[in-house]
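Numbering (our numbering), first residue to last: 1 to 622.
Written out as structure tokens, the structure is:
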């Protein structure tokens with residue numbers, strides 16, 4: 001069962017007479033959970049929230065649209081104040097509960113007359129509330145943090161306390177959800193009101209006319225800039241809130257993001273890499289005195305310990321939020337940009353740009369940066385698939401062809417060194433140093449006071465065709481089995497099995513694929529389509545799987561003495577004997593001898609839908 005946030009409804013700190021307060025850090029999900037728990041225990045007659053009454057109607061409408069994410073904006077000249085309708089925000093959760101349970105909610109805040117610059121506080125991690133509860137968390141924050149307030153904040157607190165005081169006379173139980181910096185001062189003001197003491201006056205400007213607040217759909221690419229939690233965390237909270245997720249824990253959510261990113265990445269990631277990545281992520285959190293990593297920490301750890309491609313998959317996981325409407329005539333779409341130097345927000349409405357100021361304090365801001373190379377986005381939803389569906393002739397990406405041939409030559413050199421080292425003769429020095437001194441053997445026999453030399457014989461015959469197998473155990477996952485003939489004299493013919501082109505589009509008409517394995521025939525020999533005879537060869541017992549078929553084909557077409565075979569497991573005894581009958585020697589190289597980054601470069605490739613796409617492919621292939 002999910003561990004709840006301990007909320008003591010009889011607390012002397014959270015409770016003032018018939019008012020129970022949830023002092024919150026905005027857009028932190030565990031405070032929303034605290035609101036839900038307090039609502040169930042306290043069973044309030046009404047809910048009071050820290051928003052001005054002028055936003056009541058738009059707030060009700062926007063919250064009723066959840067889980068569709070909205071932004072309420074009220075323009076003032078060329079600038080605007082905005083209220084994010086964030087499901088993980090405690091105030092939004094309170095309004096949502098009031099609507100669901102059909103009880104009144106009252107926005108009690110004072111409407112501001114001018115736009116103030118937001119205050120920024122780097123607050124503690126709300127995750128610890130799972131263990132210490134809301135009261136202790138609030139007490140610790142109150143004792144260790146000094147909140148810097150201006151005249152506007154004082155005005156608002158007096159105004160809210162007056163409204164709350166009036167409500168407390170009419171209703172038996174009031175649940176108040178408010179920013180953490182306000183509650184202590186408001187209690188002092190409430191006490192003075194009860195004692196009829198003089199309260200500092202404020203200017204009542206509620207009669208001033210403002211433009212009506214408007215509700216906007218937040219563009220899906222902007223969700224991460226507006227939501228306090230990862231969009232995926234917000235989605236998980238929606239599932240938990242609806243009873244579809246039994247346990248909500250941000251640590252488990254982060255584990256899920258990494259696991260699913262690994263599945264999409266498809267290339268192998270070693271246990272050591274994963275361990276180092278999580279250790280690095282932990283250290284990044286410790287630097288900021290946090291338990292849960294933020295968006296930049298996640299990307300930094302993924303990119304530094306794995307690579308940019310994996311970081312992109314992690315980014316996709318963090319930004320996943322399925323509840324989105326592309327077009328709605330009643331709610332225009334707004335895109336958001338954030339200035340990294342000031343953390344200020346800008347809204348883009350078609351050709352219009354407005355500077356946005358959040359209505360209340362921003363509690364956590366980060367000036368950390370990480371650069372992750374991303375691809376250009378689609379001009380419209382489905383653009384890449386539309387171009388792919390109009391493909392005329394599948395082609396390779398030339399820079400990848402060149403890189404592959406380069407790696408094949410490196411593999412041939414590696415095999416050549418293996419063959420010479422295996423056949424090298426080591427003997428004590430007598431007359432000639434031959435091919436050099438063998439230092440290892442000389443040191444090993446130091447007590448004999450002798451020098452050892454080595455003689456490296458020249459291998460007879462060349463190393464020709466190369467077979468590289470990445471996966472020899474899951475043939476069913478590779479639907480694309482073809483012979484890909486060379487386009488140029490320095491290209492090899494490829495016999496390959498891979499994932500189906502079109503499954504993963506990375507650009508208009510550009511698909512990313514993953515090899516299960518391939519045979520590189522150099523020099524090219526225009527082999528026939530061996531995939532047609534695969535069922536027969538398997539029935540005869542000559543081959544067991546796709547990997548065996550590629551090795552079998554390379555043996556048949558081999559014109560050199562040596563054939564390189566890189567794979568997770570050695571070749572079968574049947575194919576070794578078959579190679580011997582064809583005067584071919586198979587040189588087996590375990591694939592585990594290569595680094596994960598080398599395997600990544602060798603394994604993934606891109607398929608283009610037509611020749612024209614080669615001009616733009618570099619913009620999308622990263």
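Glycine included, C-beta positions come from ideal geometry on N, C-alpha and C.
8 Å contact criterion, which residue i and residue j should meet: CB distance rounded
i: residue 228; j: residue 86; result: 6 Å
For residue i, the three-state DSSP class (helix, strand or coil)
i: residue 26; result: coil
i: residue 309; result: helix
i: residue 466; result: strand
i: residue 222; result: helix
i: residue 590; result: strand
i: residue 616; result: coil
i: residue 94; result: helix
i: residue 84; result: strand
i: residue 213; result: coil
i: residue 600; result: helix
i: residue 381; result: coil
i: residue 535; result: helix
i: residue 269; result: coil
i: residue 115; result: In this prediction, residue 115 scores a pLDDT of 49, lower than 50, which makes its location untrustworthy; the coordinate-derived value is nonetheless stated afterwards. Residue 115 falls in the coil class under three-state DSSP.
i: residue 7; result: coil
i: residue 140; result: helix
i: residue 58; result: helix
i: residue 472; result: coil
i: residue 287; result: helix
i: residue 520; result: strand
i: residue 395; result: strand
i: residue 487; result: coil
Residue closest to residue i, alpha-carbon to alpha-carbon, out of the options
i: residue 234; options: 324, 311, 278 and 153; result: 324
i: residue 418; options: 456, 161, 398 and 404; result: 456
i: residue 38; options: 176, 558, 289 and 165; result: 176
i: residue 187; options: 470, 19 and 145; result: 19
i: residue 600; options: 412, 516 and 433; result: 516
i: residue 494; options: 318, 395, 561 and 575; result: 395
i: residue 562; options: 546, 592, 421 and 412; result: 412
i: residue 512; options: 30, 606 and 277; result: 606
i: residue 592; options: 487, 123, 268 and 174; result: 268
i: residue 161; options: 613, 140 and 48; result: 48
i: residue 158; options: 191, 140 and 313; result: 191
i: residue 568; options: 329, 620, 470 and 542; result: 470
i: residue 54; options: 7, 112, 101 and 27; result: 112
i: residue 389; options: 510, 571, 163 and 230; result: 510
i: residue 566; options: 574, 317, 583 and 518; result: 518
i: residue 370; options: 308, 76, 405 and 142; result: 308
i: residue 588; options: 438, 468 and 197; result: 468
i: residue 251; options: 197, 449, 241 and 285; result: 285
i: residue 89; options: 25, 216, 139 and 239; result: 25
i: residue 464; options: 446, 420, 586 and 573; result: 586
i: residue 373; options: 408, 432, 429 and 311; result: 311
i: residue 570; options: 218, 544, 557 and 556; result: 544
i: residue 172; options: 101, 17 and 266; result: 17
i: residue 317; options: 410, 539 and 257; result: 257
i: residue 476; options: 547, 22 and 240; result: 547
Strand pairing of residue i, partner residues [DSSP]
i: residue 498; result: 480 and 515
i: residue 109; result: 52
i: residue 20; result: 15 and 175
i: residue 567; result: 590
i: residue 505; result: 511
i: residue 606; result: 512
i: residue 453; result: 427 and 437
i: residue 70; result: 85 and 217
i: residue 562; result: 463 and 585
i: residue 46; result: 174
8 Å Cβ cutoff met for residue i and residue j
i: residue 104; j: residue 178; result: no
i: residue 9; j: residue 41; result: yes
i: residue 66; j: residue 82; result: no
i: residue 99; j: residue 63; result: yes
i: residue 524; j: residue 492; result: yes
i: residue 641; j: residue 603; result: Residue numbering for the chain in the displayed model covers 1 to 622; residue 641 lies beyond these limits and cannot be assessed.
i: residue 237; j: residue 29; result: yes
i: residue 73; j: residue 213; result: yes
i: residue 426; j: residue 454; result: yes
i: residue 336; j: residue 314; result: no
i: residue 480; j: residue 500; result: yes
i: residue 295; j: residue 224; result: yes
i: residue 174; j: residue 181; result: no
i: residue 319; j: residue 231; result: yes
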